[in-house]
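Residue numbers (this note's numbering), protein chains in the order written: chain V, 24 to 349; chain P, 24 to 349. Backbone N, C-alpha and C fix where the C-beta goes; we use that ideal spot for every residue, glycine too. None of these values were measured; they are calculated from a predicted model. Note sheet for the following structure.
Protein chains: 2
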Amino acid sequence: MIKVAIAGYGNLGRGAECAVKNSTDMELYGVFTRRDPASLKTLTGCEVYSMDDILNHKDNIDVVIICGGSATDLPVQTPALARHFNVIDSFDTHAKIPEHFANTDAAANEGGKCAIISVGWDPGMFSLNRLYAEAVLPNGKDYTFWGKGVSQGHSDAIRRVAGVADARQYTIPVDAALDAVRSGTCPELTTREKHLRECFVVAEEGADLARIENEIKTMPNYFADYDTTVHFITAEELKRDHAGIPHGGFVIRTGKTGLNGENSHVIEYSLKLDSNPEFTASVLVAYARAAARMNAKGDNGAKTVLDVAPALLSPCDGAELRKRLV
Amino acid sequence: MIKVAIAGYGNLGRGAECAVKNSTDMELYGVFTRRDPASLKTLTGCEVYSMDDILNHKDNIDVVIICGGSATDLPVQTPALARHFNVIDSFDTHAKIPEHFANTDAAANEGGKCAIISVGWDPGMFSLNRLYAEAVLPNGKDYTFWGKGVSQGHSDAIRRVAGVADARQYTIPVDAALDAVRSGTCPELTTREKHLRECFVVAEEGADLARIENEIKTMPNYFADYDTTVHFITAEELKRDHAGIPHGGFVIRTGKTGLNGENSHVIEYSLKLDSNPEFTASVLVAYARAAARMNAKGDNGAKTVLDVAPALLSPCDGAELRKRLV
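Laid out in structure tokens, this is it:
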């Protein structure tokens, strides 16, 4: 059995807890938290320890799934833990992945550990699909669409508008853009043409709704470049109809083959997820298995999903996989 | 530059020739054929050699892409060549993959070479997607649908019916079945519920069309278990409207996460291919790159796509891939 620890216990940590429980070859050693361990009640009743003590548990843990946030937690936690443990994280600030990789690689190599970073669905499963599709169809172009799903960052941005009590923002791919991409014409699409933004807003009593709507729609970076719709609803409606954290998206590559590019092909990968954090956590757990195995075979340093042979993700052995899945 | 040889020059070999030409880090050393080399005119004007002489070219070739058929060619050719070369094949008789793997593994290990078998889209890209989806969502079920596309085996079966001059058969997934699968209800689907078979038949002059149609529709294994439609057309119409070799399909997995399976997810991968052999050949060429690299790092024996780290398929280095695709 692979002994797994979870560092951080928010939505992602809880998702990882459930996914480890669902794995036949893993056992959850415990959750490590920066909060008071006594204050934390886990879903499965597993052990809870203080993050400050994690090095004392080193010999009992094969791999740590780090469930912190990309903005401030992971840039510090992942290199720090990778010096002592095999680790997995879901670092998703795309522009900073090279820097995070370098920092983690140095630490993991020093400690002789394996660290797989930026695991999840984007980055993660979408990265894999961009790579496979490009490798097979080098003469082509790929597109990534997100949604329909809740964007936490955009929901937070709305909540910062004066007079807003709560909000939920959905990112929605534009059907016409998806169809244009699938047609193989390799269209150049603007930001506005690719995605819509739909906002459900609970206003404070007496707030100026027209001003709120205008402030949202003209907000630079977040909304100004998109066709945005704003719906004002009650707190009860928000709770009843928008409590979930769904997400998903599409990676589509079209490309040509033949002596003169005579033939066109479309490769499409899509996800439709009821729970973004639970799915992300499920990917993390599969790669935790791979990290433990790679390190057991002497493979150290930082990796991404692109560096991991697919078979390492499965609890089944090669012979069974060949028989059943190839 | 990776020096590639192509063994066998049918549709797949020609597709490989085009794909190698389209690769920035590969050069085509030549085509090897069992026919008289002088009789063979290649698309790119590359060198043509006799298969009997291939061992004399051993030092000039990094990897051989074997483009024979699964029925009789590959079970012999792949182990024989794997003893002396890194090789790739597209062996697609699913039930015999374990046996073919074992034979090839023994030969490749003896020769210190790397052999990646069963490369293409099914087996191949579809195998990968079945594995990734199962590893991430172990609590779920996957489905594979094929088409819309030309089945060579079924077209051949029709041609063997008395009175048939030529034929083309399309395998078509049933939309209602696709929708039922995507709904996450994990339906049990019969053969008939999953795919339709549509046949375009050129009859010989004076042939009994009703008898031909009946013989096709009741043919065991090939058509009896399906809803089959038969259209009689002229040889000119067949040539004009059905000359291509399109194919494609879907791998869909639905699964549940959460403490009690509260949340559902859908992972879908699909291909829409204008040319089945050219796309298959493009996958072979990407894996040829991987085989040469794996062997250069000392990795011997038989592999499938499940054993190959994705980054090995790309001509780009890790830093570029992380920056651009992760």
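Helix, strand or coil: which one does DSSP assign to residue i?
i        : result
P/His196 : One detail in the question is off: residue 196 of chain P reads as Pro in this sequence, not His. Residue state, collapsed to three classes: strand.
V/Leu296 : strand
P/Glu227 : coil
V/Met49  : strand
V/Gly36  : helix
V/Asp340 : coil
P/Val173 : strand
V/Ile239 : helix
P/Phe246 : coil
V/Lys64  : coil
P/Arg205 : helix
P/Leu104 : helix
P/Pro98  : helix
P/Leu348 : coil
P/Thr116 : coil
V/Val331 : coil
P/Glu211 : coil
V/Met24  : coil
Could you name the residues of the same chain whose beta carbon sits closer than 6 Å to that of residue i, not counting the 5 residues immediately before and after it, in chain order?
i        : result
V/Gly271 : Gly172, Leu294, Lys295, Leu296
V/Ile275 : Tyr166, Val204, Glu291
P/Thr277 : Gly163, Gly207, Val289
P/Val331 : Ala313
P/Leu51  : Val27, Val43, Cys69
V/Asn126 : Pro102
P/Arg58  : none
P/Gly31  : Cys90, Gly91
V/Gly135 : Asn323
To which residues of the same chain is residue i closer than 7 Å at the C-beta, ignoring the five residues directly before and after it?
i        : result
P/Leu232 : Ala226, Phe255
V/Ile239 : Ile181, Val184, Cys222, Phe246, Thr251, Val253
P/Asp248 : Thr214, Arg215
P/Arg191 : Val173, Ser178, Phe223, Leu261, His265
V/Glu133 : Arg106
V/Lys279 : Asn162, Gly163, Asn286, Ser287
V/Arg37  : Leu66
P/Thr257 : Val225
P/Ser337 : Leu344
V/Trp144 : Leu294, Phe302, Thr303, Val306
Kindly identify the DSSP beta-bridge partner or partners of residue i.
i        : result
P/Cys137 : P/Gly324
V/Glu221 : V/Tyr193, V/Thr252
V/Phe55  : V/Ala30, V/Tyr72
V/Ile181 : Answer by DSSP bridge pairing: none, since V/Ile181 is not bridged.
V/Ile88  : V/Ile29, V/Ile111
V/Val187 : V/Ala226
Can you round the beta-carbon distance between residue i and residue j to whole angstroms, since I take them to be within the 8 Å contact cut?
i        : j        : result
V/Val308 : V/Val43  : 6 Å
V/Ile140 : V/Asp112 : 5 Å
V/Leu329 : P/Val349 : 7 Å
P/Phe246 : P/Arg220 : 6 Å
V/Leu154 : V/His288 : The pair is not a contact, with the Cβ atoms about 16 Å apart (cut-off 8 Å).
V/Val110 : V/Ala138 : 5 Å
P/Phe168 : P/Pro196 : 4 Å
P/Gly284 : P/Ile235 : Going by Cβ atoms, the distance from P/Gly284 to P/Ile235 rounds to 51 Å, so no, they are not a contact pair.
P/Met49  : P/Ile25  : 5 Å
P/Leu282 : V/Cys41  : 5 Å
V/Ser73  : V/Pro60  : 5 Å
P/Ser298 : P/Gly321 : Going by Cβ atoms, the distance from P/Ser298 to P/Gly321 rounds to 36 Å, so no, they are not a contact pair.
Less than 8 Å between C-beta atoms, sequence neighbours within five positions excluded: which residues of the same chain meet that for residue i?
i        : result
V/Ala94  : Thr116
P/Leu35  : Cys90, Ser113, Pro300, Thr303, Ala304, Leu307
P/Glu157 : Gly163, Asp165, Arg276
P/Lys326 : Cys137, Ala138, Ile139, Ile140, Ala314, Met317
V/Leu78  : His107
V/Thr241 : Ala247
P/Cys339 : Arg347
V/His82  : A small correction: the amino acid at residue 82 of chain V is Asp; His does not occupy that position in the sequence shown. None.
task = For the region 260–308 of chain V, list the beta strand (DSSP E) runs that are entirely contained and at least 3 residues long, ordered along the chain.
result = 270–280, 286–296
query = Quick one: complete beta strand (DSSP E) runs, 3+ long, within the region 127–171 of chain V?
reply = 137–139, 163–169
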